[in-house]
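J.: Take the sequence shown: its position 2, counting from 1, is numbered 7 in the working numbering, and each next residue is one higher. C-beta atoms are modelled at their ideal positions from N, C-alpha and C, and glycine is treated no differently. Small disclaimer: the values here were computed from a predicted structure and weren't measured.
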Amino acid sequence: MAKQLNLLSTGQVITTALHTEMQRSYLEYAMSVIVGRALPDVRDGLKPVHRRILYAMHELGLTPDRPYRKCARVVGDVLGKYHPHGDQSVYDALVRLVQTFSCRYPLLGGHGNFGSVDNDPPAAMRYTETRLASISHEGMLAEIGDETVDFIGNFDNSQQEPTVLPAQLPFLLLNGCAGIAVGMATNIPPHNLGEVVDGLIALIDNPNLSDEKLFKIIPGPDFPTGGEIVGKDGIHEAYTTGRGGILLRGVANIEEVPTGKGNKRRTAIVITELPYQVNKAGWIEKVADLVNQGRLTGIGDIRDESDRDGMRVVIELKRDANPQEVLYYLYQQSALQTTFGAILLGLIDGQPRQLSLRLLLQEFLDFREQTLNRRYSHELGKAESRLHLVEGLLGALSQVDEVIEILRQAPDGSTAKVGLISRLELSEVQADEILAMPLRRLTGMEQQKLQEEYEQLETRINTLRNLLSDRKELLKSLKKDLRSLKRSYNDKRRSKFVAKPDNKAFQQKNKARLKDKSAKSKTGSSQIQAPVEDVVLDFSQRGYVRRISSSSKRSKFDTGVPDYDFIIQADETNTQKDLLVVTSGGKAYPLQIREIPPTTGKAARGTPLITLLTSTAQSQNESIVGRLVIPENSASTDVVLLTKQGRIKRLSGEELTNVTRRGVTILKLKENDELLLTKFVHSGEHLVLASSGGRLLHFEVNDQQLPCMGRTAVGLQALRVGKQQQIVGCTSFEKNHNLLLITQSGYAKQLNASRLKLANRGDLGAQAFKFSVPTDNIAGIALVKPQTEIALVTSNKRVIRLDGESVPLLTKNDKGEKVVELNRDEQILSVHEVVVEKNS
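#1: Determine the direct distance from the alpha carbon of ARG599 to that of GLN534, and round the result to whole angstroms.
#2: For MET189, which residues from the same chain have a beta carbon less than 8 Å from its beta carbon, with the 5 sequence-adjacent residues on both sides left out?
#3: Going by alpha carbons, who is nearest to GLU679 out of SER688, GLU200, GLY698 and VAL719?
#4: If you count every other CB in all the chains shown that lies within 10 Å of the CB of ALA286, and 16 or more means buried, which is it?
#5: Could you tell me whether the Cβ of THR168 comes closer than 7 Å to any Cβ of chain C?
#6: With distances taken Cα to Cα, identify the nearest neighbour of LEU542 among LEU827, GLN597 and SER493.
#7: Put ASN258 into one of helix, strand or coil per three-state DSSP.
#8: Assign MET145 to one of three DSSP states: helix, strand, or coil.
#9: In the DSSP assignment, the alpha helix (DSSP H) including ILE206 goes from what residue to what residue?
#10: What's the call for VAL405, buried or exposed, on a 16-neighbour Cβ count within 10 Å?
#11: Give me the Cα-Cα distance between VAL644 and ASN765, rounded to the nearest whole angstrom.
#12: Taking the C-alpha atoms as reference points, what is the distance between PRO4 and LEU51?
#13: Does the stretch 802 to 810 come close enough to the stretch 765 to 781 that 3 or more CB-CB pairs lie under 8 Å?
#14: Enumerated in chain order, which unbroken segments of the alpha helix (DSSP H) with a length of 4 residues or greater are wholly contained in the stretch 416 to 457?
#15: If you count every other CB in all the chains shown that lies within 10 Å of the CB of ARG551, and 16 or more means buried, which is it?
#16: My guess is that ILE635 and ILE615 are in contact by the Cβ rule of under 8 Å, so how many angstroms apart are they, rounded?
#17: Would you report the Cα separation of LEU146 and VAL154, rounded to the nearest angstrom?
#18: In terms of alpha-carbon separation, which member of GLU261, CYS182 and ASP97 lies closest to ALA622?
#19: Between VAL201 and LEU219, how many whole angstroms is the CB-CB distance? I'm expecting something under 8 Å.
#20: For the beta strand (DSSP E) that TYR401 lies in, which residues bound it at each end?
#21: Whether or not the stretch 471 to 491 and the stretch 107 to 118 are in contact is what I'm after, with contact meaning three or more pairs of Cβ atoms, one per stretch, closer than 8 Å; do they touch?
#22: What's the C-alpha gap between ALA77 and ARG101?
#23: Out of curiosity, what's the CA-to-CA distance linking ILE466 and LEU385?
#24: Between the Cα of ILE240 and the Cα atoms of LEU252, GLU233 and GLY305, which residue gives the shortest distance?
#25: Going by C-alpha distance, which of SER419, LEU32, ILE259 and VAL319 is nearest VAL187?
#26: Going by CA-CA distance only, name the one from ALA207, LEU112 and LEU322 that's closest to ARG488.
#27: Give every residue of the same chain whose Cβ lies closer than 7 Å to the Cβ of ASP486, excluding the five residues on either side of it in the sequence, and list them in chain order.
#28: Indicate whether PRO111 and ALA138 have their beta-carbon atoms separated by less than 7 Å.
#29: Assuming PRO175 and PRO226 make a contact with CB atoms under 8 Å, what is their CB distance in whole Å?
#30: Return the first residue and the last residue of the alpha helix (DSSP H) that ARG716 is part of.
#31: How is the alpha helix (DSSP H) around LEU480 delimited, first residue to last?
#32: If I follow the unbroken beta strand (DSSP E) through GLU705, where does it start and stop?
#33: Please report the straight-line C-alpha distance between LEU827 and ASN626, rounded to a whole angstrom.
#34: How long is the line joining the alpha carbons of LEU711 and PHE738, rounded to whole angstroms?
#35: Could you please give the first and the last residue of the uninterrupted alpha helix (DSSP H) stretch that includes SER835?
Structure representation (structure tokens):
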């Protein structure tokens, strides 16, 4: 039996408490992971694996002007020389440096399949090729040979590798970084190069720059996949404390898309950008699951139409779906809206530190200043050494005969060297340079080149000494380098900032929806009744709409300039009703009143009405001529449509129900004609039409004069007009009302409407205005009521207010009186009845 070895008696075993050894070993392991793997260095923004990949490619000479090389070759060099870990981990890190959807400014260029935003895996490293990108070659490795950074031995001391790369830009901010260490993690968002450079220069110029000014220069992250950043509270918190939640959204547009069945089109939500790091294919699958589970309603179809030109995910909606509601639920229930948890954690002097934006920028500036000092010191030393040699050569050439005599008399090189040193007062290195000098350097041309080199070296040495002795000059050089890089690599911001919306109504509705999923409407589908609010809709002459609570104050449409806006229509309604917007092309688009943003604050202009319609309506380049709030009993009222060429149509209110989001044509127009106005009418109502030539037609609305017609009808001739004339207005009236007629030149008169002879639709009408100026025309008509204000819009974009009752009452055979003074070549273009605005 073998003799048992007694280790305890040899003194080679040290007794240690188990918990002490566990604490020490675990701490060493944790620090190894923190410093050597997971966290980036604040100076160059890289983890060790990324730094080793870039340096290995620099050593291989894979510059942007050289051909691509196989990734397998690069990975092999990194493994064999610097990073003895698994090849797949190195390749994964390399792939990320190539991906344009992962890095805001990719540090490597690539040929082949390096993955996609759908989380498709990259091709094997034997198939893909890579080389350094221009920004990493110039901005991170250009100064690596100028003794700007320290080098250490690799894992077996067979190679030297840099401890940090001499980065000229803060790549930790530009490309961001994500990493999980032991007990800590980092998640830094990417930023825009131009904004970061401007922030660095501002800090150089003013180290005491306030946070508010710094945050204006660098307003927030800029993600490679674009998207929208909602609100800035999380950004401010992250920039000041190092931690904060940044709310991201994808970019969604509401469009009309073809269904593939004839010319039919359907409303769809089109996603063109997703939040950063969201897997597109996974997100589409998640949305489909939500639809199948019944948690997301209103969606008819989902398809991915993305191609080389960009992302396009089309979500077709059902006919009765509200696009804004569907989009809201997409934000709430899917990754179309995510929160980026920013953690600004990095290594400073090998220690993990949570950073503010200011500290991160300042640490980079300190590092950049240090590298510039080392670079210029290295360059100064080389320049001084070269100047010393050139001085010796010039001195020898000035005494060339004596140099030749010394060389002739010397039996060997050592004796010649001693003779040169003693007789010409040269240093050893100067003597060696002279002995190595070829005979061609004795020519006049070579002597001239040496003299020019001497002068250039002297100038450069003086410049370098000035840079090293004067910090202000050094900082000027630093700013010059930053501006040069900005000119070369800056691009436009991709992520846009949007205000945080007020979704209280949607949130209340969503809570009710989740609380009672079994709520069914009469048709059997889920239906949540949103709270009904009584509101007033104000429509302005310039196309704005305001939704104001009935209990709120109303203020003027003040734009801050003399020609301020004014209200031409006001409707008392509630958020349960619908609005029909009619354009000059004869098309009507529905809009739910609850979709109109509520307006608050003094002098609020509201929202441009056209922007609330679908993109199809916005692209038609047509003006809005009608705004009809659909009554609950639509069958009890009709709508009159009147064109500029004098055609008129009466449309039943029932034709205006169940209109889809893509709109519907309610009047066929003839060539060069356009819809002038729309208004609700009742049977028995009296209408007056006016032409630009001053003719008025008074007729009654009934089934004989104006029968109801369908949507596709072109209408009937209302008032026959001449070739150079057109219809300028239409109004309904009662017997005690007067009409106001105003010409383009500023002449006007009141006319008793009840004295107008009742005629038939299609007649010539009666001449009701005699013009003082032969070339004058009627600009418009209005109804004069007590305390009514008339607004006149001129060709000079002026708005002139007029008291209708102050205009003289005349007969149809009288000329009007001059009531408005106009500038030269100025004309009145339109006449509007102004709704009296309440300020209390």
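T.: Taking the coordinates as given:
#1: Here the model assigns GLN534 a pLDDT of 45, short of 50, so the residue's position is not dependable, and the following value carries that caveat. Answer to the nearest angstrom: the Cα atoms are 12 Å apart.
#2: Excluding five sequence positions before and after MET189, the CB atoms of its chain that fall closer than 8 Å to its own CB belong to ILE39, LEU44, LEU350 and PRO357, given in chain order.
#3: Taking only the C-alpha atoms, the option nearest GLU679 is VAL719.
#4: ALA286 should be labelled exposed.
#5: Protein chain content of the structure displayed is limited to a single chain, and chain C is not contained in it.
#6: Among LEU827, GLN597 and SER493, the Cα nearest to that of LEU542 is on GLN597.
#7: ASN258 falls in the strand class under three-state DSSP.
#8: Note: MET145 maps to coil in three-state DSSP.
#9: Note, ILE206: alpha helix (DSSP H), 198 to 210.
#10: Label assigned to VAL405: exposed.
#11: Going by the C-alpha atoms only, they are around 19 Å apart.
#12: Only positions 6 to 845 of the chain appear in this structure, which leaves residue 4 out of reach.
#13: In short, these stretches do not touch, since the Cβ pair count stays below three.
#14: Segments of the alpha helix (DSSP H) lying fully in the stretch 416 to 457: 418 to 429 and 433 to 440.
#15: Label assigned to ARG551: buried.
#16: No, ILE635 and ILE615 are not in contact; Cβ-Cβ is about 19 Å, not under 8 Å.
#17: Using only the alpha carbons, I get a separation of about 11 Å.
#18: Selected option, being the one with the closest Cα: GLU261.
#19: Contact between VAL201 and LEU219 is absent: CB atoms are separated by about 11 Å, not below the 8 Å threshold.
#20: It should be noted that the sequence gives Ala, not Tyr, for residue 401. Annotation for ALA401: no beta strand (DSSP E) segment contains it, though the alpha helix (DSSP H) segment containing it runs 362 to 403.
#21: Taking 8 Å as the limit for Cβ pairs, the verdict is that the stretch 471 to 491 does not touch the stretch 107 to 118.
#22: Inter-residue distance for ALA77 and ARG101 is about 15 Å (C-alpha atoms, whole angstroms).
#23: One C-alpha to the other measures close to 6 Å.
#24: Distances from the alpha-carbon of ILE240 to those of LEU252, GLU233 and GLY305 put LEU252 closest.
#25: In terms of CA proximity to VAL187, LEU32 leads the group SER419, LEU32, ILE259 and VAL319.
#26: Residue nearest to ARG488 within the set ALA207, LEU112 and LEU322 is ALA207 (criterion: CA-CA distance).
#27: In the same chain as ASP486, and ignoring 5 residues on each side of it, the C-beta atoms closer than 7 Å to its own belong to GLN173, in chain order.
#28: Yes. Within cutoff.
#29: The C-beta distance from PRO175 to PRO226 rounds to 14 Å, too long to meet the 8 Å contact threshold.
#30: If you look at ARG716, you'll find it isn't in any alpha helix (DSSP H); DSSP assigns it neither H nor E.
#31: 476 to 494 is the extent of the alpha helix (DSSP H) around LEU480.
#32: If you look at GLU705, you'll find it in the beta strand (DSSP E) that goes 700 to 705.
#33: Between LEU827 and ASN626, the C-alpha separation is close to 30 Å.
#34: Between the C-alpha atoms of LEU711 and PHE738 there is a straight-line separation of about 17 Å.
#35: Element bounds for SER835: not the alpha helix (DSSP H) but the beta strand (DSSP E), 833 to 839.
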